[in-house]
Amino acid sequence: MESARAKKSLGQNWLRDEAALNYIVQQADLDDSDFVLEIGPGRGALTQKLAEVSSQVLAIEIDQDLIAILNKIQAHNLKIEQGDFLQFNLDQLPAGYKVAANVPYYITSKIVQKLLTAENRPSKIVLLVQKEVAQRLAAGPGEYSVLGISAQVYAQVELGVIVPAESFEPVPKVDSQVVILNPKNRFNIKNEKVFFRAVKAGFSERRKKLRSSLAGGLHLSKPEVEDLLKRARVNSDLRAQDLSISDWLKITDQLSKN
Ligand code: SAM
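Taken in order, the sequence shown gives residues 175 to 432; the numbers are from my numbering.
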């Protein structure tokens with residue numbers, strides 16, 4: 175494969191480990207009816223393998239310098255598009271499409287958010303991300319963050335294998351891990367706004383107990399928050415990271431009634 179100097183500013187770390195590349199493809203569970211979107215194909219290591227086992231691959235790469243290299247991949251079912259994934263309109267993709275990618279780490283959260291909140295959401299998302307981010311996405315009560323809650327309210331999140339830093343060229347500072355997101359039913363948009371307002375308020379002061387963090391973030395008095403949490407049957411002595419998704423949904427229900 176031709177070489178291209180990796181650009182740190184674009185999060186370019188080429189995955190060189192065949193087993194890891196095959197694992198990502200296998201987790202995407204592809205067959206000849208699947209349309210796959212790849213974000214950041216780089217020099218095409220994953221792209222080629224995706225094209226071998228799916229019906230159609232669309233790979234979106236921001237770096238113009240890589241397009242000539244990618245265009246040399248011999249696959250009749252591969253389309254390369256130069257552009258910024260964050261500006262890409264997902265509505266143009268066929269329903270039920272899948273996503274597989276070793277993503278640029280500097281925009282991982284934005285990529286996850288865009289995919290999970292899109293009107294036309296993928297049916298499956300397999301991403302190789304920084305290990306700490308994978309673990310935050312999949313974290314349970316006690317370790318939740320806004321990122322973890324945001325992902326898990328839209329998708330069932332599973333952790334895959336860890337891919338050590340040495341599997342990449344150039345070698346990054348941190349290990350990576352595969353994360354598999356299986357989108358689930360959405361809830362209605364009105365509640366969605368309230369939900370994120372509450373979650374963000376709760377996590378804005380994560381060391382404080384819920385009664386204080388929510389009062390500050392939602393501009394309510396402490397007695398109002400106590401009452402709200404009582405109606406939601408959530409203990410006001412807990413901290414945001416201790417609440418389950420269903421606790422946040424119960425708080426959302428009560429807040430929506432206010
Ligand atoms: N898939 C390749 C691999 O596994 O070796 C490359 C992965 S590299 C971690 C991330 C790739 O995403 C780079 O090729 C980078 O140029 C590209 N990229 C960065 N920002 C992007 C964006 N906003 N939209 C599309 N591609 C982007």
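Beta carbons are placed, not taken as given, at the ideal position from N, Cα and C, and that holds for glycine.
Which whole runs of the alpha helix (DSSP H) in the segment 368-429 are 4 residues long or more, in chain order?
384-392, 396-406
Helix, strand or coil, according to DSSP, for G314 in the structure here?
Counting from 1 along the sequence shown, the entry for residue 314 is found at position 140. Reduced to three states, the DSSP call for G314 is coil.
Quick check for students: name the residue ranges of the beta strand (DSSP E) that lie wholly in the segment 282-328, counting only runs of 3 or more.
Whole beta strand (DSSP E) segments, 3+ residues: 298-304.
What are the boundary residues of the alpha helix (DSSP H) that includes V199?
Mapped onto the sequence shown, residue 199 falls at position 25. From DSSP, the alpha helix (DSSP H) with V199 extends over 192-202.
Going by the C-beta, is A275 closer than 8 angstroms to any heavy atom of the ligand SAM?
For the purposes of this step, residue 275 is taken as residue 101 along the sequence shown, with counting starting at 1. Between the ligand SAM and A275, a heavy atom-to-CB distance of less than 8 angstroms is present.
Could you spell out the range, first to last residue, of the beta strand (DSSP E) harbouring V273?
If you number the sequence shown from 1, residue 273 lands on position 99. Element bounds for V273: 272-276.
Determine the direct distance from the alpha carbon of P397 to that of A339, and round the result to whole angstroms.
Translated into positions along the sequence shown, residue 339 becomes position 165. Translated into positions along the sequence shown, residue 397 becomes position 223. Taking the straight line joining both Cα atoms gives about 50 angstroms.
For the beta strand (DSSP E) containing A339, list its first residue and its last residue.
Here residue 339 refers to the residue found at position 165 when the sequence shown is read from its first residue. Taken as a continuous stretch (DSSP letters only), A339 belongs to no beta strand (DSSP E), as it is neither H nor E.
Using 9 angstroms as the threshold, is the C-beta distance between A219 and R190 below it?
Position 45 of the sequence shown, counting from 1, holds the residue named residue 219. Position 16 of the sequence shown, counting from 1, holds the residue named residue 190. With a cutoff of 9 angstroms on beta-carbon distance, A219 and R190 are scored as near each other.
Can you tell me which of the three DSSP states K358 falls into?
To locate residue 358, count along the sequence shown from 1; it is residue 184. Coil at K358, not helix or strand.
Since Q256 is in the alpha helix (DSSP H), which residue starts that stretch and which ends it?
Residue mapping note: residue 256 aligns to position 82 of the sequence shown, counting from 1. For Q256, no alpha helix (DSSP H) run applies; the uninterrupted beta strand (DSSP E) run containing it begins and ends at 252-256, by DSSP.
I need the DSSP call for I234, collapsed to helix, strand or coil.
Here the question's residue 234 lines up with position 60 in the sequence shown. Of the three classes helix, strand and coil, the one that applies to I234 here is strand, per DSSP.
Can you say whether G322 is buried or exposed, counting buried as having 16 or more other CB atoms within 10 angstroms of its CB?
Translated into positions along the sequence shown, residue 322 becomes position 148. With 16 or more Cβ atoms within 10 Å of its Cβ, G322 is classed as buried.
Please state whether the Cβ-Cβ distance between V331 and V353 is less than 9 angstroms.
By 1-based counting over the sequence shown, the position of residue 331 is 157. By 1-based counting over the sequence shown, the position of residue 353 is 179. Taking 9 angstroms as the Cβ cut-off, V331 and V353 qualify as a contacting pair.
I'd like the list of long-range same chain contacts for V210, defined as Cβ closer than 8 angstroms, with 5 residues on each side in sequence excluded.
As a position in the sequence shown, residue 210 is number 36, starting the count at 1. Closer than 8 angstroms at the Cβ level, and outside the excluded window around V210, lie A202, L204, L224, S228, Q230, V231, L232, Y271, K272, V273, A274.
Using the beta-carbon count (16 or more within 10 Å), is N276 buried or exposed?
Within the sequence shown, the letter at position 102 stands for residue 276. Buried.
Do R371 and L423 come within 9 angstroms of each other at the CB atom, strictly closer than that value?
Mapped onto the sequence shown, residue 423 falls at position 249. Mapped onto the sequence shown, residue 371 falls at position 197. Not a contact, by the Cβ cut-off of 9 angstroms.
In or out: Q415 buried (at least 16 other Cβ within 10 Å) or exposed?
Taking the first residue of the sequence shown as 1, we reach residue 415 at position 241. Buried is the call here.
Quick one: is T426 buried, meaning 16 or more other Cβ sit within 10 Å of its Cβ, or exposed?
The count along the sequence shown starts at 1 and reaches residue 426 at position 252. Taking all protein chains in view, the Cβ of T426 is crowded by 16 or more other Cβ atoms within 10 Å, so the residue is classified as buried.
Any idea if N196 is buried or exposed, counting beta-carbon neighbours within 10 angstroms, 16 or more meaning buried?
Position 22 of the sequence shown, counted from the first residue, corresponds to residue 196. Result: exposed.
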